[in-house]
Amino acid sequence: MTIYQPLPEMADSGHRFDQGRRWAASLTLGFEGRQQDGRPVTRMTTARHCGPLRVQRPFYPEGRHGCCHVYLLHPPGGLVSGDALQINASVGTGAHALLTTPAAAKLYKADSHGVAWAQHTKLTVDDGGTLEYLPQETLAFDGSRGTQTTTIEMGSRSRFIGWEVLALGRPASELPFATGQLQQRFHLTRDGTPVWQERQTLDPKHRRFKGKWGQGGHTVQATLWTVGLDNEADAIEHLRAELPDNPRWAVTRRGGVLLLRYLGNQRNEAWAICQQAWEILRPRLTGQPAHVPRIWLT
Numbered sequence: 627m628t629i630y631q632p633l634p635e636m637a638d639s640g641h642r643f644d645q646g647r648r649w650a651a652s653l654t655l656g657f658e659g660r661q662q663d664g665r666p667v668t669r670m671t672t673a674r675h676c677g678p679l680r681v682q683r684p685f686y687p688e689g690r691h692g693c694c695h696v697y698l699l700h701p702p703g704g705l706v707s708g709d710a711l712q713i714n715a716s717v718g719t720g721a722h723a724l725l726t727t728p729a730a731a732k733l734y735k736a737d738s739h740g741v742a743w744a745q746h747t748k749l750t751v752d753d754g755g756t757l758e759y760l761p762q763e764t765l766a767f768d769g770s771r772g773t774q775t776t777t778i779e780m781g782s783r784s785r786f787i788g789w790e791v792l793a794l795g796r797p798a799s800e801l802p803f804a805t806g807q808l809q810q811r812f813h814l815t816r817d818g819t820p821v822w823q824e825r826q827t828l829d830p831k832h833r834r835f836k837g838k839w840g841q842g843g844h845t846v847q848a849t850l851w852t853v854g855l856d857n858e859a860d861a862i863e864h865l866r867a868e869l870p871d872n873p874r875w876a877v878t879r880r881g882g883v884l885l886l887r888y889l890g891n892q893r894n895e896a897w898a899i900c901q902q903a904w905e906i907l908r909p910r911l912t913g914q915p916a917h918v919p920r921i922w923l924t
C-alpha cells in the first residue's frame, strides 16, 4: 500500500491527511528558448505526468515565434479529501510560456473524517525567461479543508505575471462557506532571496473572517502579482486610471513586486479586473499585446 506523506510545506498546516489513501497527481513541464530562422521560439521540451493531471499539446495563437500557450488539464475538475496535486513548471532563458486552465477548479467538502486535500505549485523562471500563470478561478465549497502552496523562484532578470482568484461558497444556491478551513501560502524569491512571502488561513469560525480588519465577510478575493516591469510607478498609474473606479481593488508595490488586490463578493467582477489589469500590464512586461487564450471564450 502506498503511504501518503504530506509535502513538507503542509506538515504544520493543522490539517489531517489520510495515511492510507489518496488520488495523487503530478505534472512537470519544461520550456526552452531556441533560435529558428534567426528568431526566438519557445518549445515545450518536458511534459511528464502521473495520475489525472496533464496537458494535451502546446498552442501558438500568437504565431510560431510568439508565446507558447499551455492548458493544464485535471479531468476530475476538483479536489476531494485525500487528493494531492503537484505542478512543477520551469521556463528557461529566452523562453516565454503562458499557463492557464480550461475551467474553474473546485474544492469540494471534506469527508466525514475531515481529511484534507493538498495542492502545491512550483514555478521556476530562469534569467531572460518569461512566465504568465493565469489559471481560471477556484471555487471553494462549504466544508472544504486543504492547503494551497505556491512557490515561485526567479532570476534577477526574469519576468513573471500571475494571479489567484478565489470564490468562497455558492451564494447563488444559498450555500455560504460556513465550515471548513483553507490555508494558502505564497513564496516568491529572486536569486534565492525572498521578496514576498504570504500566508493566510480562511476559517469562517475565526473572528478575522467576519472582522472589518480581515476578510470582512466577503466571499471573493483575488491577487495579481507582476515582477520584472521596467517602470512600476508608471504601470500603477495606468492601472489606477483605466480600471473601474471602485473601492474593492487596490494596487501597490513591495520589493520589486507589483500587487493588485480585490476583495468583494462578485466573482465575475474580480475576474474582469484581473484580466483587464493583465491586458494593461502585459505589453509593459513583455513588449507584446495581450492575446486572450481561446479557452477563456468557450
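Sequential numbering of the sequence shown, starting at 627, is according to our numbering. Every residue gets a Cβ at the ideal spot worked out from N, C-alpha and C, and that includes glycine. None of the values given here were measured: they were computed from a predicted structure.
Could you pull the start and end residues of the beta strand (DSSP E) that T776 belongs to? Where T776 is concerned, the enclosing beta strand (DSSP E) stretches over 771–780.
Going by beta carbon distance, what residues of the same chain come within less than 6 angstroms of C676, once the five residues before and after it are set aside? The answer, listed in chain order, is S652.
To the nearest whole angstrom, what separates the beta carbons of L808 and G772, a pair I think is in contact under 8 angstroms? The pair is a contact, with the Cβ atoms about 6 angstroms apart (cut-off 8 angstroms).
Thinking K732 and D768 are a contact (beta carbons under 8 angstroms), I'd like their distance in whole angstroms, please. Between K732 and D768, the beta carbon gap of about 12 angstroms keeps them out of contact (Cβ cut-off 8 angstroms).
Contacting residues, own chain, Cβ-Cβ under 6 angstroms from T777 (five flanking each side not counted): Its chain contains K748, H813 as the residues whose beta carbon lies nearer than 6 angstroms to that of T777, once the 5 sequence neighbours on both sides are disregarded; these appear in chain order.
Let me check understanding here. Comparing Cα to Cα, which of M670, A742, F685, Q661 lies closest to W926? As displayed, the chain neither begins before 627 nor continues past 924, which places residue 926 out of reach and without an answer.
Give, in chain order, every unbroken run of the alpha helix (DSSP H) that is at least 4 residues long and sits entirely within the segment 768–852. With a minimum length of 4 residues, the continuous alpha helix (DSSP H) runs that stay inside the segment 768–852 are 833–836.
State the DSSP-derived secondary structure class of P873, mapped to helix, strand or coil. Coil.
Residue of L679, G689, R887 minimising C-alpha distance to R874: Checking every option, the nearest Cα to that of R874 belongs to R887.
Reference L724, options G740, R669, H739, S707, closest by Cα: Nearest of G740, R669, H739, S707 to L724, Cα basis: R669.
Note down, in chain order, each residue of its chain lying with its Cβ closer than 6 angstroms to the Cβ of G720, except the 5 sequence neighbours on either side. Apart from sequence neighbours up to five positions away, the residues of its chain that approach G720 with a beta-carbon distance below 6 angstroms are G659, P666, G754, ordered along the chain.
What whole-angstrom Cβ distance do T775 and R811 have, given they're in contact under 8 angstroms? The Cβ separation is near 5 angstroms, so the contact holds.
Within the continuous alpha helix (DSSP H) that includes P909, where are the two ends? For P909, the enclosing alpha helix (DSSP H) starts and ends at 893–912.
Since G659 sits in a beta bridge, which residues does DSSP pair it with? BP columns for G659 point to T668.
What residues match up with G704 in a beta bridge as DSSP calls it? G704 is bridged to K732.
Is DSSP giving R683 helix, strand or coil here? R683 falls in the coil class under three-state DSSP.
Among T750, P797, T878, R690, which has the Cα closest to the Cα of Q661? Ranking the options by Cα distance to Q661, first place goes to R690.
Just to confirm my understanding: we take E635, look at its own chain, exclude 5 residues before and 5 after, and list those with CB closer than 7 angstroms. What are they? Low confidence applies here, because E635 scores a pLDDT of 46, under 50, leaving its location unreliable; read the following figure in that light. Exclusion of the five residues before and after E635 leaves H746, T775, R811 as the residues of its chain whose Cβ lies within less than 7 angstroms of its Cβ.
Where does E926 sit, in a helix, a strand or coil, going by DSSP? Residue 926 lies beyond the residue range present for the chain, which begins at 627 and ends at 924; the question has no answer from this structure.
May I have the straight-line CA-CA distance separating L801 from A744, to the nearest angstrom? Going from the Cα of L801 to the Cα of A744 covers about 23 angstroms.
Using DSSP with H/G/I as helix, E/B as strand and the rest coil, what is E863? Reduced to three states, the DSSP call for E863 is helix.
Sorted by chain position, which residues of the same chain lie with C-beta nearer than 7 angstroms to G718's C-beta, five sequence neighbours on each side aside? Excluding the 5 residues flanking it on each side, G718 has same chain C-beta neighbours closer than 7 angstroms at F657, E658, G659, D752, G755, in chain order.
Ends of the beta strand (DSSP E) at I713? Element bounds for I713: 709–717.
DSSP three-state label for R690, please. The three-state secondary structure of R690, taken from DSSP, is coil.
Measuring straight from C-alpha to C-alpha, what distance separates A867 and H739? One C-alpha to the other measures close to 50 angstroms.
Can you tell which of F685, P702, G708, A859 has its C-alpha closest to the C-alpha of T726? Taking T726 as reference, the option from F685, P702, G708, A859 with the minimal CA-CA separation is F685.
How should D709 be labelled, buried or exposed, when 16 other C-beta atoms within 10 angstroms of its C-beta is the threshold for buried? By the neighbour-count criterion, in which 16 or more other beta carbons inside 10 Å mark a residue as buried, D709 falls on the buried side.
Do L760 and G788 have their beta-carbon atoms positioned less than 9 angstroms apart in this structure? If you check the CB distance, G788 and L760 come in under 9 angstroms.
Going by C-alpha distance, which of H832, D737, Q847, T819 is nearest V791? Closest by alpha carbon: Q847.
DSSP three-state label for E758, please. Under the three-state reduction of DSSP output, E758 falls in the strand class.
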